[in-house]
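Q: First, the structure itself, so that you have it in front of you.
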Amino acid sequence: MSLFLLLETALREIMAHKFRSALSMLGIILGVSSLIATMSLTAGIEKGTRDFMEQIGGLETVTVGNKEISADKMDFWNLSPGRTLMDAVAIRASAPLVSHISPEMNHGAAVSSGSITDRKLITGVWPDHFTVAKHELAVGRLLVDLDVDRATRAAVVGDSVVGQFFPGKRAEDVVGSTLLLNGSPFVIVGVFTRYERERDKARRDLEARNKGSTPRAGVPKWRFDRSDPFRRKNEAILIPLSTMFYEFKAGLFPLDAMESVRVDTLTLRVSSLDRFREALEQVRATLTGTRRGVDDFELETREEWFDRMESSIAATRLSGGLIAAIALVVGGIGITNIMLASISERVREIGIRMAVGARGRDIFSQILVESVSVAFIGGVLGIVAGFGLIELLKVVAPQENPPLVEPSSILLAVGFAVSAGIISGIYPALRASRLEPIGALRYE
Amino acid sequence: MTVARLEEVTKVYRVGDQEIHALAGVNLVIEEGEFVAIIGPSGSGKSTLMHLLGCLDTPTSGKMEICGKDLSRARPDTLALTRNREIGFVFQSFNLLSKLDVVDNIALPLVYSGVSAAERRSRATKTAESVGLGERLRNRPTQLSGGQCQRVAIARALVNNPRILFGDEPTGNLDSVTGKAILEMFCGLHASGKTVILVTHEQSVAETARRVIEIRDGKISREYAP
Chain A
8 MSLFLLLETA LREIMAHKFR SALSMLGIIL GVSSLIATMS LTAGIEKGTR
58 DFMEQIGGLE TVTVGNKEIS ADKMDFWNLS PGRTLMDAVA IRASAPLVSH
108 ISPEMNHGAA VSSGSITDRK LITGVWPDHF TVAKHELAVG RLLVDLDVDR
158 ATRAAVVGDS VVGQFFPGKR AEDVVGSTLL LNGSPFVIVG VFTRYERERD
208 KARRDLEARN KGSTPRAGVP KWRFDRSDPF RRKNEAILIP LSTMFYEFKA
258 GLFPLDAMES VRVDTLTLRV SSLDRFREAL EQVRATLTGT RRGVDDFELE
308 TREEWFDRME SSIAATRLSG GLIAAIALVV GGIGITNIML ASISERVREI
358 GIRMAVGARG RDIFSQILVE SVSVAFIGGV LGIVAGFGLI ELLKVVAPQE
408 NPPLVEPSSI LLAVGFAVSA GIISGIYPAL RASRLEPIGA LRYE
Chain B
22 MTVARLEEVT KVYRVGDQEI HALAGVNLVI EEGEFVAIIG PSGSGKSTLM
72 HLLGCLDTPT SGKMEICGKD LSRARPDTLA LTRNREIGFV FQSFNLLSKL
122 DVVDNIALPL VYSGVSAAER RSRATKTAES VGLGERLRNR PTQLSGGQCQ
172 RVAIARALVN NPRILFGDEP TGNLDSVTGK AILEMFCGLH ASGKTVILVT
222 HEQSVAETAR RVIEIRDGKI SREYAP
């Protein structure tokens, strides 16, 4: 029997019993649609997480943190100067595997422009900061070594700052404007691009399309969304570290001892992940020197954190896949069940086919093709239903990360459906093919 | 040429722990072109004999040769192939597939001999016309009368041009007029050279044939020419 004829016969059989076929497809439809939905949900989460990881600097980033000193070594504590600018200078000088080192000094300052004044956190940085924090410039320029050497009054600001202090102005128009930080005039030399999550971008695009106008990126309505991981980056006001020291911190430390100034954070980036451990060793050795042997620091890598994220993604995927797999197994059992019922209804037909010369394998392939066809049609309907389910989920439970339907998941779903059809069809097909022609012909 | 040769053929069925000897040593030779009727009361073993001659079953012991092939120990696939090529069945209850129309029903044996769709169609149509169903090609069996159904069954039995045509009580479900017409078709087929074997319990039907074989208790009890 040719495959075409087998398919035709199978489709005729399916169409002849529409309700029964629909029932046997139901399990597959549910299984495939939940498979598609969970896979695209996890794919969306995964993509969002990876994007976010990328945004915050990836695995190469290491933070120098403080460590509690054990009680018996308390006496030595005073020997260590703590996390100072000296650390950064020393790492830059003697840890060649560290490509960037970014000391930061924060200061809460009254920021004003025109009639608008607000208290904001301003941060003094080295040019390395832009690489470590993965900042992207929209217009103007970044701070350079010269700004740090000369302690210029230059500032690079985030997109939200433009929106707040220069309402209605575009980023391009703000470059060159003056911003008062605790009364001192600073020139804005550059503005960062707007950092946002996929869903915010999508929403903004949608709103823009609805209004038919270009959106003002700077003043989004959801600016105060506390859960936005990019909020701090968008609200950044960055000035040279030296300027920060001379302008805002000079009173607190001896002027000639800038290197003994404590920094609030110290973040570095290793040049290559392949030599990550080695790089950490270099940093550790250097810092042991600057801290005079006191073990009061620790190197916080993101490795563990990333591992945790990865494993939670894997767990989500596994549980979703498990649910879908169970649904597919149940669907397969449904097909088996209904195929068995349909065979016992068609014993006579099988007998007639055998009497005119059908071999066991002809009957076997007829039943198998039928069950695979049921599963395949169910799979296709399941994909359609899966897309519907995803749309429904988007409306009912908006996700941080929009679901992402990958072609591979569609292929996988069809593959699973067809396999379910094959597996569930084998037993009924075998039973049908082993019928005795005489008994089958006599069957009433 | 000999189309069927049975030598000391027995067939034993096992029902529970009881053995039923349906055939107990049958010797029979049927030559090509013969018109044979097998007659006997129910339970005599005539159906079993027909199943063996029709390659639906193999004997428990003895030798069975159909169309020159020894099928005494044949595997089911070999039997299926022989049924497909050499044998055509006409049953009492027609045994048509209600899902298929007349042409597709007639073409069913061709499906299993690997004939292309176009050829299946043309051969089935031609055979349908030869049994007088030219007007009914697209009808389903449920839309046909009993006599027409049996014509479809005859056409299906003939479509692969087999050597032996079996009729298993072919007139059993028909009124006497239609039954007579069907029997005349069998006679006509015999006249055109086909080997015809009728299985019946009706004397009048059996006597249409040239050779009558009477079965009783699993043995050939009498053989005569009417």
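Residue numbers (our numbering), protein chains in the order written: chain A, 8 to 451; chain B, 22 to 247.
Cβ coordinates follow ideal geometry from the N, Cα and C atoms, glycine included.
Remember, predicted model here, so these are calculated numbers, not experimental data.
What whole-angstrom Cβ distance do residue 47 of chain B and residue 88 of chain B have, given they're in contact under 8 Å?
A: Going by Cβ atoms, the distance from residue 47 of chain B to residue 88 of chain B rounds to 18 Å, so no, they are not a contact pair.
Q: On the DSSP bridge list, what partners appear for residue 117 of chain A?
A: A:126
Q: Should residue 247 of chain B be listed as close to the ligand GDP, given that the test is whether its C-beta is under 7 Å from any heavy atom?
A: You won't find the ligand GDP in this model; it holds no ligand whatsoever.
Q: Does the distance from the C-beta atom of residue 197 of chain A to that of residue 144 of chain A stay below 8 Å?
A: yes
Q: Classify residue 26 of chain A as buried or exposed, calling it buried when 16 or more other Cβ atoms lie within 10 Å of its own Cβ.
A: exposed
Q: Between the C-alpha atoms of residue 225 of chain A and residue 256 of chain A, what's the straight-line distance to the nearest angstrom?
A: At residue 225 of chain A, the pLDDT of 47 sits below 50, so the modelled position is not reliable; the number obtained from the coordinates is stated separately. So the alpha carbons of these two residues sit roughly 31 Å apart.
Q: With respect to the beta strand (DSSP E) encompassing residue 151 of chain B, which residues constitute its N-terminal and C-terminal limits?
A: Not the beta strand (DSSP E): residue 151 of chain B falls in the alpha helix (DSSP H), residues 138-151.
Q: So if I threshold CB-CB distances at 7 Å, which residues from the stretch 79-97 of chain B count as touching chain A?
A: 97
Q: Let me know the beta strand (DSSP E) ranges lying completely inside the stretch 160-198 of chain A, each 3 residues or longer, listed in chain order.
A: 161-164 and 185-188
Q: Is there at least one Cβ from chain A nearer than 8 Å to residue 101 of chain B's Cβ?
A: Interface annotation, residue 101 of chain B: in contact with chain A, CB-CB separation under 8 Å.
Q: Under a CB-based cut-off of 8 Å, is residue 293 of chain B close to chain A?
A: Outside the displayed range of chain B (22 to 247) lies residue 293 of chain B, so it cannot be described from this structure.
Q: Which first and last residues belong to the beta strand (DSSP E) in which residue 145 of chain A is found?
A: 144-147
Q: Output needed in chain order: residues of the stretch 55-73 of chain B with a Cβ under 8 Å from some Cβ in chain A.
A: 72
Q: Strictly under 8 Å for the Cβ-Cβ distance: is residue 19 of chain A near chain B by that measure?
A: Judged by the 8 Å Cβ criterion, residue 19 of chain A is in contact with chain B.
Q: Any idea which residues DSSP pairs residue 188 of chain B with across the strands?
A: B:111 and B:219
Q: Closest to residue 343 of chain A by CA distance: which of A:19, A:9 and A:32 is it?
A: A:32
Q: Against chain B, with Cβ distances strictly below 8 Å, would residue 22 of chain A count as a contact?
A: no
Q: Between residue 36 of chain B and chain A, is the shortest Cβ-Cβ distance under 8 Å, so that the two count as touching?
A: No, because no Cβ of chain A sits closer than 8 Å to the Cβ of residue 36 of chain B.
Q: Taking DSSP as the reference, what is the three-state secondary structure of residue 73 of chain A?
A: strand
Q: Using DSSP with H/G/I as helix, E/B as strand and the rest coil, what is residue 323 of chain A?
A: helix
Q: By the 9 Å beta-carbon criterion, what residues does the stretch 360-377 of chain A contribute toward chain B?
A: For the stretch 360-377 of chain A, the residues whose beta carbon sits under 9 Å from a beta carbon of chain B are, in order, 360, 361, 362, 363, 364, 365, 366, 367, 368 and 369.
Q: Please report the straight-line C-alpha distance between residue 308 of chain A and residue 273 of chain A, rounded to a whole angstrom.
A: 12 Å
Q: Could you tell me the distance, in whole angstroms, from the CA atom of residue 227 of chain A to the CA atom of residue 216 of chain A?
A: Here the model assigns residue 227 of chain A a pLDDT of 47, short of 50, so the residue's position is not dependable and the matter cannot be decided.
Q: When you check each C-beta in the stretch 312-338 of chain A against every C-beta of chain B, which residues fall closer than 7 Å?
A: none
Q: Please tell me whether residue 68 of chain B and residue 238 of chain B are closer than 8 Å, where the distance is taken between their beta carbons.
A: no
Q: Would a C-beta distance cut-off of 8 Å place residue 338 of chain A and residue 38 of chain A closer than the cut-off?
A: Pairing residue 338 of chain A with residue 38 of chain A gives a Cβ-Cβ distance under 8 Å.
Q: I want to verify the contact list: residues of chain B whose CB lies under 7 Å from the CB of residue 445 of chain A, in sequence order.
A: Listed along the chain, the chain B residues whose CB falls inside 7 Å of the CB of residue 445 of chain A are 72, 77 and 78.
Q: Could you work out which residues of chain A lie near residue 204 of chain B, taking near to mean beta carbons separated by less than 7 Å?
A: Result: empty, since nearest Cβ-Cβ is about 22 Å, beyond 7 Å.
Q: So the alpha helix (DSSP H) residue 250 of chain A belongs to, where does it begin and stop?
A: Bounds of the alpha helix (DSSP H) holding residue 250 of chain A are 248-251.
Q: Contact criterion: CB-CB distance below 8 Å. Does residue 352 of chain A meet it with respect to chain B?
A: Not closer than 8 Å to any Cβ of chain B, the Cβ of residue 352 of chain A fails to qualify, so no.
Q: Excluding the 5 residues flanking residue 150 of chain B on each side, which residues of the same chain have their C-beta closer than 7 Å to its C-beta?
A: none
Q: If distances are taken between C-alpha atoms only, which option among A:12, A:11 and A:18 comes closest to residue 377 of chain A?
A: A:18
Q: Between the beta-carbon of residue 207 of chain B and the beta-carbon of residue 195 of chain B, is there less than 8 Å?
A: no
Q: Please tell me whether residue 61 of chain B and residue 110 of chain B are closer than 8 Å, where the distance is taken between their beta carbons.
A: no
Q: Could you spell out where the alpha helix (DSSP H) holding residue 402 of chain A opens and where it closes?
A: 367-403
Q: Does residue 437 of chain A come within less than 8 Å of chain B when only Cβ atoms are used?
A: no
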